[in-house]
Every structure is written in C-alpha cells, then in structure tokens.
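Reviewing the structure listed below.
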Amino acid sequence: MELIIVGSVAFDSIQSPYGKKEKLLGGSAVYSSIAASILSKSGIVGVVGDDFDKKYYAFLNSKKINTSGLMQANGKTFNWGGRYEEEMSEAYTLHTHLNVFEEFNPKINMEYRNAEFLFLANIDPILQLSVLKQMKNLKFSLLDTMNFWIETKKEQLLEVIKKVTAISINDTEARQLSGEWNLIKAGLILQKMGPELVLIKKGENGTIIFYRNNYFIAPAYPTTNTKDPTGAGDSFAGGFLSYLAKNKTINFGSIKKATVWGNMIASFTVEGFGVEKLEQLTKKDVEKKIEEFKKLISF
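Set out below in structure tokens:
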C-alpha cells in the first residue's frame, strides 16, 4: 500500500446556484482517495454507520481504494449540509450531524502500517498524533487542519505539526496560525514550526509552496463552470500525494509538479456535485489540462 488516508466519510447535502443535491458520497477520505486513485493505490481509515450501503464499498474498491481500514459502527454516517452563494468562495453550513464520526478513534491495521505516504485529513489533532505513532515506515506525511482546531486545540496541533513532513492549509488558516497577514511571511513562520513543506491554498488564486529555502506560486486553472467547491482541497491533497508516491522522488522539482497535478484535479472536482466529475476522471484528462495550463502561463 503506497498511500494511507485518514479522515471522514460522509453523506453531504449541497445547495448552490446550480442545483440542490442530497446524500452525496463525500468526506475528506473519499475525495482524496478518489483523486489519488488516478495514479496510485490507497487505503482509507474512517468510520461509517450501518446506513453505508455495500454499493459504496464496491464503488470505492472499483477505484483501487482499499477499505479494510473503514470501520462500521452502529448508528448513522456523518452528515453535512452546506450552501454556496454566487461567489462560491465560502460554504455556509446548514447542518452538521457527526453521528458515528463523533466517536472516531483511528486504528491502523497491519496492512497499512508500512505505507510510506500518509494524508492526515482534517480531524482532531490528538487523533492525528495517534495515527503518526502507529505508522512504521513513513517517508512523507501531509497534514490538513482548520480554524476550529487552531482555536480550540492549538497546543496539540502545534505538537503534530512538528512531526509531519508537510502541512496544507488555506490562506485564512495560515494567517490565523502564524499571526502574520502577509502570506509569504506566514509561510516562512509556519516552516519554523517544523514541517519541511508548507502548502498555502488560495482557492481560485492557486497555491503557494514553501519548501526548505525555496518558494513557488502555482496558479489555479481558471474555470467558468464551478458548481460545487466541496472537496476541492482534499482532491488537491490526494492528487498531490499520489504524484509523489508514483514518482518515488521528493525534491523541489517533484513537489512543484505534484502541486500542479493536485490543482488540476481540484479544478475538475468543482465542476460537478460531490464526486460526480472526479469519479470519471482519467490520467489523460489531467495530462491534457496540464498542457492547456502550460499554454496559459507561458510568456
């Protein structure tokens, strides 16, 4: 197993100017693992309820996603509902029902423990630290977080950040965690907290990479067909890690290419509701968009 992903599996209810959808398969582990499946095999660690039908397992398995780490508990699967307005830049939460996810305590099975790549999606930093301690052969670990954990468990979050290779957060979270408004300065401050690599996501404005003594700005692919931004960040993470896992090389060059790969996958994700665009995506689709992207940024 090349890549292990620890995060949420959920049913989402989404409203946007382009429609309304109920009970969409979602969650950070789902988006990132499907994005990763284009290049590499992954295993997910999460929890679902007894309402998680066998068809969902079959779908994930069809994407080369190992579900042996997906625990099933009595109760309902995590459910989130959100609404997007015209600007599509922010999700307005309508409801959050944690259900079985409230008691989630990730256990890494023996099949997963020797994986070299790990994505710690947005969960309690105490759980993220627990997962790190269970891994035996890590080469690269990427952590995601959110403002809630920065506000409520900053001390524990800083402890995890010291132990991972990379952190991926959005621009608002980067400013909040670093205490610095300027994003270049913020990225450098975050690096001093421990990780070799800092990825600051700026949505439609792309990603800023800080790696060792270098930094790079990767623009996003301009899209005119955004329907549902849910899962874009997790799709980016899955794509990014799968590129590194596939190519077996970690340096500034491969990280830049992995970032562009992740950005391109995220640009597909937002063009459909839930994973409907992501599940149809092929390597050729991504490669074609990268060639188009190169023409857009060349001068």
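For the sequence shown, counting from 1, position 17 maps to 16 in numbering that gives the first Met the number 0; every step adds exactly one. Ideal placement from N, C-alpha and C gives every residue a C-beta, glycine not left out. Nothing here was measured: the structure is a model prediction, and the numbers come from that model.
For this session: Please classify Tyr220: does DSSP put it in a helix, a strand, or coil?
Result: coil
Exercise. Skipping 5 residues on each side, what residues in its chain have a beta carbon closer than 6 Å to that of Asp50?
Worked result: Lys75, Thr76
Problem set entry | Pair within 9 Å by beta-carbon distance, Phe272 and Ser15 | yes
Exercise. For the ligand SAH, any of its heavy atoms closer than 8 Å to the Cβ of Met145?
Worked result: Annotation note on the ligand SAH: not contained in the displayed structure, which lists no ligands.
Problem set entry | Contact under 9 Å by Cβ, Leu187 with Phe215 | no
For this session: Would you check if the distance between the CB atom of Leu126 and the CB atom of Leu156 is smaller than 9 Å?
Result: no
Exercise. Would you call Tyr91 buried or exposed, if buried means 16 or more other Cβ atoms sit within 10 Å of its Cβ?
Worked result: exposed
Problem set entry | Delimiting residues of the beta strand (DSSP E) encompassing Ser167 | 165-169
For this session: Could you spell out where the beta strand (DSSP E) holding Ser67 opens and where it closes?
Result: 64-71 is the span of the beta strand (DSSP E), which, as asked, contains Ser67.
For this session: Compute the Euclidean distance between the alpha carbons of Ser27 and Ala114, then round it to the nearest angstrom.
Result: 19 Å
For this session: Specify whether the stretch 126-137 and the stretch 257-264 touch according to this definition: at least 3 beta carbon pairs, one from each stretch, less than 8 Å apart.
Result: no
Problem set entry | Span separating the alpha-carbon of Met109 from that of Gly42 | 12 Å
Exercise. Grouping DSSP H, G and I as helix and E and B as strand, with all else coil, what is Phe51?
Worked result: In the three-state reduction of the DSSP assignment, Phe51 falls in the coil class, being assigned neither a helical nor a strand state.
Exercise. Going by the CB atoms, is the gap between Leu240 and Leu141 shorter than 9 Å?
Worked result: yes
Problem set entry | Lys19 versus Val46, Gly81, Ile37, residue with shortest Cα-Cα distance | Gly81
Exercise. Could you check where the alpha helix (DSSP H) with Asp284 kicks off and where it finishes?
Worked result: 282-296
Exercise. In the DSSP assignment, what residue or residues form a beta bridge with Leu23?
Worked result: Asp11
Exercise. How about the stretch 285-293 and the stretch 223-235: do they share at least three Cβ pairs that are nearer than 8 Å?
Worked result: With the cut-off at 8 Å, the stretch 285-293 and the stretch 223-235 do not touch.
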